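Visitor: Below you will find the structure I want to go over with you.
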Amino acid sequence: MTVPNPRAESDSDVASLYIDGAWRPSASGRRLAVHDPASGALIGWAGAGGAEDATAAVAAAATAFPGWAARTAYERSAYLYEAYRLMLERSEDLAKLMTTEQGKPLRAARAEVRYAADFLIWFAEEAKRMYGQTIPSARADQRFLVMHQPIGVVGAITPWNYPISMITRKLAPALAAGCTVVLKPAEQTPLCAIEVFRILDEVGLPPGVANLITCEDPVPVGEVLLTDPAVGKLTFTGSTEVGKLLARGAADQMKRVSLELGGHAPFIVFEDADPAHAAKGASLVKFLNTGQACICPNRLFVHRSIKDRFVETLRDRVAAMRAGSGFTEGVSVGPLIDEAAYERMTRQVGDAVAKGALLVAGGRRLTGADVDGGYFYAPTVLTEVTPEMDIYREETFGPIAPIIVFDDEDEVIAMANDTRYGLASYVYTRDLSRALRVSEALRFGMIGINDINPTSAAAPFGGVKESGLGREGAHEGLLEYLETKLVGISI
Ligand code: ADP
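8 is the number of the first residue of the sequence shown in this note's numbering; add one for each residue after it.
Right, dumping it as structure tokens:
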């Protein structure tokens, strides 16, 4: 397979930073190597941008802002429609690049590109719906007008696990709102980001409206986004730890923040659910992206009366999963992103087993010609998991399904809520009253009832508690890039 990225084929051409409408190498001339996590092979290079580049990008975005904000919503929308069209036209090449750079199976990469394109068209449409309000006044001679205006320059930081859709989920609403953007993608997946920006370049966005800083060390670039007074807002998807660091930094200048952080999703299967159907759902969402998604269940709570049937079905489905290169037909398990992730799996499983958990499947690194080049971890099922184990509290971000038994509804709600996280949650029940009761009681931003994918460009995505602030997608996703302004008028 040829990776459709000319920049990856030449060591000397690493002009992967996109600043003020032009491709440039980093100011330092340094570059960063990009590897295929499934084989360890070198697949390309990107410029290793630093503070100087980030400052130049922020300046370009600040200069471009007034002109971009003054465009009509219809004009801004037209660019996003065109980007949508181009992304779909290139979807197969983008998916192949994603599989090479991030490791996910090609079918999953294709689905992600469609999801990424959905944000472009959703916000192309929402751009035209930045409605304001008029509010009745208590004074007969007064009128209130509420309007929304773009915040300004947005600093956006995205992760490696969904290397294209996490970019469009931020860029599309920011551009629709009239903001300009400086994006810093994850150091593991700069090539996908470059291809997204190639599309933005080709649709002819005015220079400076969207800027890309690929880098090896996120700290100096992050520092510029936090301290440069021209940046009005920071939007971040990644770990809770880094999210808190950024929120602290943003507080100094009271920059707006949207944070989409870690999760610790409960997956609750009540006694009235079909255990086989629930286990099928659990296997799909737990092992989604090899468990490397913030909405992956981290604790599977199963009613005691149906536990055996649930575990049996889950074990059978896990046994049928095939690991390997995402380009191999039938593969559903990709590599972990790096050695640190592998070490976390080993540690969490070791700790659980030492404290009495039973290993029903997996629990080891996979070996063999297809998988030796990467960190492939066998899909793992643990039973007899208890609150004393690390896996009960820590985000796993990998292919381990810990099962906990419960006896009644109040007990399981209390256990599910006993976490500092609050992103996704899942409930399996055929009882409508229970579904509503439990939905109201769970302290999570998203709840799937007999549904493993409560996400869409049209639906608000985000968490409560330490899972973050703000929402992405939906109309709420646009509001994140707007300030509310009140005009009071005496007549
Ligand atoms: P993960 O564990 O998923 O890699 P991180 O939160 O470390 O999660 O990374 C998510 C994004 O945050 C990446 O783009 C990464 O480069 C960036 N990042 C990590 N540390 C910092 C930092 N100190 N300042 C700014 N960005 C950071």
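Virtual Cβ for every residue (Gly too), placed ideally from N, Cα, C. Just so you know, these numbers come straight off a predicted model, no measurement behind them.
Taking contact to mean 3 or more Cβ pairs, one atom from each stretch, closer than 8 Å, check whether the segment 296–309 and the segment 268–282 are in contact.
Guide: Yes, since at least three Cβ pairs between the segment 296–309 and the segment 268–282 fall closer than 8 Å, the two stretches touch.
Visitor: In the structure shown, what three-state DSSP assignment does isoleucine 498 receive?
Guide: The answer is coil: DSSP assigns isoleucine 498 none of H, G, I, E or B.
Visitor: Cβ of glycine 229 versus every heavy atom of ligand 1: is any distance shorter than 7 Å?
Guide: Flag set: Cβ of glycine 229 near ligand 1.
Visitor: Between which two residues does the beta strand (DSSP E) holding alanine 53 run?
Guide: Looking at the DSSP string, the run of the beta strand (DSSP E) that includes alanine 53 is 49–54.
Visitor: Using a 10 Å radius around the Cβ and a threshold of 16 neighbouring Cβ atoms, would you call methionine 261 buried or exposed?
Guide: The residue is exposed, with fewer than 16 neighbouring Cβ atoms inside 10 Å.
Visitor: Just how far apart, CA to CA, sit threonine 62 and alanine 237?
Guide: Computed Cα separation, rounded: 10 Å.
Visitor: Ordered along the chain, which non-local residues of its own chain (more than five positions away) have a Cβ less than 7 Å from that of proline 157?
Guide: Counting only Cβ-Cβ distances below 7 Å, and skipping sequence neighbours, we find Ala76, Ala184, Gly185, Cys186, Tyr488 and Leu489.
Visitor: Please specify which runs of the beta strand (DSSP E), each continuous and at least 3 residues long, are wholly inside the segment 416–477, giving them in chain order.
Guide: Counting whole runs of 3 or more residues, the segment 416–477 contains the beta strand (DSSP E) stretches 431–435 and 453–456.
Visitor: Kindly list the residues whose CB is nearer than 8 Å to the CB of glutamate 346, restricted to its own chain and excluding five residues on each side of it in sequence; keep chain order.
Guide: Cβ neighbours of glutamate 346 beyond the five flanking positions: Tyr382.
Visitor: Using a Cβ-Cβ cut-off of 6 Å (strictly less than) and excluding sequence neighbours within five positions of alanine 163, which residues of its own chain qualify?
Guide: Excluding residues within five positions, the ones whose Cβ falls inside 6 Å are Lys177, Val188, Leu190 and Thr242.
Visitor: With a threshold of 7 Å, establish whether the CB of isoleucine 164 neighbours any heavy atom of ligand 1.
Guide: Yes, the Cβ of isoleucine 164 comes within 7 Å of a heavy atom of ligand 1.
Visitor: Beta-carbon separation of alanine 58 and valine 249 under 8 Å?
Guide: Not in contact: alanine 58 and valine 249 (Cβ atoms no closer than 8 Å).
Visitor: Tell me whether the beta-carbon of isoleucine 420 lies closer than 8 Å to the beta-carbon of valine 445.
Guide: In contact: isoleucine 420 and valine 445 (Cβ atoms closer than 8 Å).
Visitor: In its own chain, which residues sit with a C-beta less than 7 Å from the C-beta of asparagine 424, not counting the 5 before and 5 after it?
Guide: Same-chain partners within the cutoff: Leu449 and Arg450.
Visitor: Which same chain residues end up closer than 7 Å to glutamine 140 when comparing Cβ atoms and leaving out the 5 residues on each side of it in sequence?
Guide: Closer than 7 Å at Cβ, skipping near neighbours: Val153.
Visitor: Residues in its own chain within less than 6 Å of arginine 311 by CB, not counting five upstream and five downstream?
Guide: Here the set comprises Val412 and Asp414.
Visitor: If I'm right that arginine 322 touches valine 388 with Cβ under 8 Å, what's the distance once you round it to whole angstroms?
Guide: With a Cβ gap of about 6 Å, arginine 322 and valine 388 count as contacting.
Visitor: Excluding the 5 residues preceding and the 5 following tyrosine 81 in the sequence, name in chain order all residues of the same chain whose CB lies nearer than 7 Å to its CB.
Guide: For tyrosine 81, where only same-chain residues beyond five positions count, the Cβ hits under 7 Å are Lys135.
Visitor: So which of Glu350, Arg255, Ala364 and Ile174 has the shortest CA-CA distance to alanine 193?
Guide: Closest option to alanine 193, Cα to Cα, is Ile174.
Visitor: Would you report the Cα separation of valine 318 and alanine 286, rounded to the nearest angstrom?
Guide: So the alpha carbons of these two residues sit roughly 7 Å apart.
Visitor: Among Ser290, Gly256, Ser265 and Pro386, which residue has its Cα nearest to the Cα of aspartate 458?
Guide: Closest option to aspartate 458, Cα to Cα, is Ser290.
Visitor: Would DSSP call isoleucine 302 helix, strand or coil?
Guide: Coil at isoleucine 302, not helix or strand.
Visitor: Could you check if valine 226 belongs to the surroundings of ligand 1, using beta carbon to heavy atom distance under 7 Å?
Guide: Flag set: Cβ of valine 226 near ligand 1.
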